[in-house]
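One structure is given below, encoded as structure tokens.
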Amino acid sequence: MRMDTVIMGGGLSGLVCGIALAKRGQRVAIVASGQSTLLFNGGSMELLGQIDGKTVTAPLDAIATLPEGHPYRKIGADRIATLADQAQSLLADAGIRVEGTPAANHWRITPMGVAKPAWLTLKSHVRIDDLDKLPCKRLALMCVRGFFDEPNGMLANGLRELGFEVETIEFTTDDITALRRSPSEMRASSLAKHLVSNTSLQRVANQINALAVNADMVLMPSVLSDEDSIDTLQSMVNKPLRLVATLPPSVSGNRMQALLRHYFQMLGGTYLMGDSAVSATLDGDRLTSVTTAKLGDMPLKADQFVLATGSFISRGLIADYERVYEPIMDLDVDADADREQWTRFGILEPQAYTRYGVKTDSELRCMKQGKTIQNLRAIGSVLSGHDAIKMCDGTGVSLLTALAVAQSILATK
């Protein structure tokens, strides 16, 4: 099978890169092993939230202070603002409605009620621009009776610590009660499948309108599967309504994944779901083909290749008792040779392994045995040089490196 570009990995970075290339007429194939880490996404994207434990309020200004090895510095600090605008436009084209600016972080609310810095947040989700100027005072936290994926007590306490007056209100409807006959049905993904008809949404709205009379704003868990359902429920509720992220698997993250995949395929992209790259063929300093588990003796050939396989959780990197390695091509990896240095005692301590990833040159081209592979670039979580957890930059790195690499590939034509 011959393509212009083959992308190994079908998560956020792989899909965004594929969309950017397909929009310019490239024949693109994405090899996607399964669900991506977008299932852990609560409806927000970070650009840069922390440096050395200190909160970043102005990401564009702070990026210039990052070390040279950070993916943003390899892209070029002067390009970040433009790429950020392009990323937001691409998300909008895919049907993902987000708000935010790369010039100033806002605050998203986690399922635990903790405020975290963010760049973009879904318009339907709660966000706070300034913690010293809350958007309202009185919140009604609507809790679905028997729902497993929201720690309501922790969420309410966290919101109170931020300065809100929170009334926790448990509710149900006759059809939600019917779902409780099976405990497995009281998960976010199951409720999302149920709350799609106008009848079901009206019953929820009736409960909210009857119980949340004293609130300035209503919060409910993010258990609505599409934008139409969100808009419909808001039109039925008498108060401003916002969603708050649930524990994973995330309905909002799954919706973003589905919308990006649909947009990619609508543009003519080939999405090989449930497959994975297992090996590759090199000719000198160029990659010529990739073999996948399902296609077997029919390798994917292309002019350009992109590695978007993610980090340890997606098995884009693997650690055994001896080393950390990249499993498809055994690419060079930035990681400590001494296993004792991979982790530190204390779950909240910075962990060295979170910064590990494949080695790349200044143009994000991968390296093997110290030599650059000219037509293989890496994007997203598989890159070294940053800590997505401590720096709150994971989704930003995925989005912006994807777009930067797409531009590099298009420039080779």
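Going by the working numbering, the first residue of the sequence shown is number 346, and it counts up by one from there. Built from N, CA and C at the ideal position, the CB exists for glycine as well.
- request: Could you check which residue in Leu393, Gly440 and Met499 has the C-alpha nearest to that of His451?
  value: Leu393
task: Indicate the three-state DSSP secondary structure (helix, strand or coil) for Tyr701 in the structure shown.
output: coil
message: Check for me: the alpha helix (DSSP H) holding His731 runs from which residue to which?
response: No alpha helix (DSSP H) contains His731, which DSSP labels as neither H nor E.
message: Applying the 10 Å Cβ sphere with the 16-neighbour rule, what's the burial state of Leu540?
response: buried
field: Proximal residues to Pro772 (C-beta, below 7 Å), its chain only, five neighbours per side dropped
entry: The shown model of the chain, from 346 to 758, leaves out residue 772, and the question about it has no answer.
task: May I have the straight-line CA-CA distance separating Ala733 from Met565, to the nearest angstrom?
output: 28 Å
query: In whole angstroms, what separates the C-alpha of Ala377 from that of Ala432?
result: 21 Å
query: Just reading off the alpha helix (DSSP H) that Phe657 is part of, what are its end residues?
result: It is not in any alpha helix (DSSP H) - Phe657 carries neither H nor E in the DSSP assignment.
- prompt: Can you give the Cα-Cα distance for Ser743 and Ile454, rounded to whole angstroms?
  reply: 21 Å
query: In three-state DSSP terms, what is Ser545?
result: helix
message: For Gln714 and Ala697, which I take to be in contact (beta-carbon distance under 8 Å), what is that distance rounded to the nearest angstrom?
response: The pair is not a contact, with the Cβ atoms about 23 Å apart (cut-off 8 Å).
message: Please give the ranges of any alpha helix (DSSP H) in the stretch 442-528, keeping only runs that are unbroken, at least 4 residues long and fully inside the region.
response: 497-506 and 519-524
message: Mapping the DSSP letters down to three states, classify Lys584 as helix, strand or coil.
response: coil
Nearest-angstrom Cβ-Cβ length linking Thr705 and Ala723, presumed shorter than 8 Å: 5 Å
- prompt: Grouping DSSP H, G and I as helix and E and B as strand, with all else coil, what is Pro404?
  reply: helix
task: Provide the residue span of the alpha helix (DSSP H) that contains Leu435, from first to last.
output: Ile425 to Asp438
Best match in Ser358, Ala537, Ala664 and Asp665 for proximity to Ser595 [C-alpha to C-alpha]: Ala537
- request: Check the DSSP bridge columns for Arg631 and list the partner residues they point to.
  value: Asp628
- prompt: Considering only residues of the same chain and omitting the five flanking positions on each side of Leu612, which have a CB-CB separation below 7 Å?
  reply: Ile364, Ala367 and Lys368
message: Less than 8 Å between the C-beta atoms of Thr513 and Arg490, yes or no?
response: no
task: Would you kindly report the start and end of the unbroken alpha helix (DSSP H) that includes Pro416?
output: Pro416 to Ile420
Pairwise C-alpha distance: Leu476 and Glu510: 14 Å
field: alpha helix (DSSP H) runs wholly inside the stretch 549-621, at least 4 long, in chain order
entry: 572-581 and 596-611
- prompt: Just to confirm, are Ile718 and Leu632 a CB contact at a threshold of 8 Å?
  reply: yes
Segment contact, 8 Å Cβ cut-off, at least three pairs: the stretch 522-532 with the stretch 549-566: no
query: Expressed to the nearest angstrom, what Euclidean distance is found between the alpha-carbon atoms of Arg700 and Asn554?
result: 48 Å
task: Go to Cys362, then tell me how far its alpha helix (DSSP H) extends in each direction, as first and last residue.
output: Leu357 to Ala367
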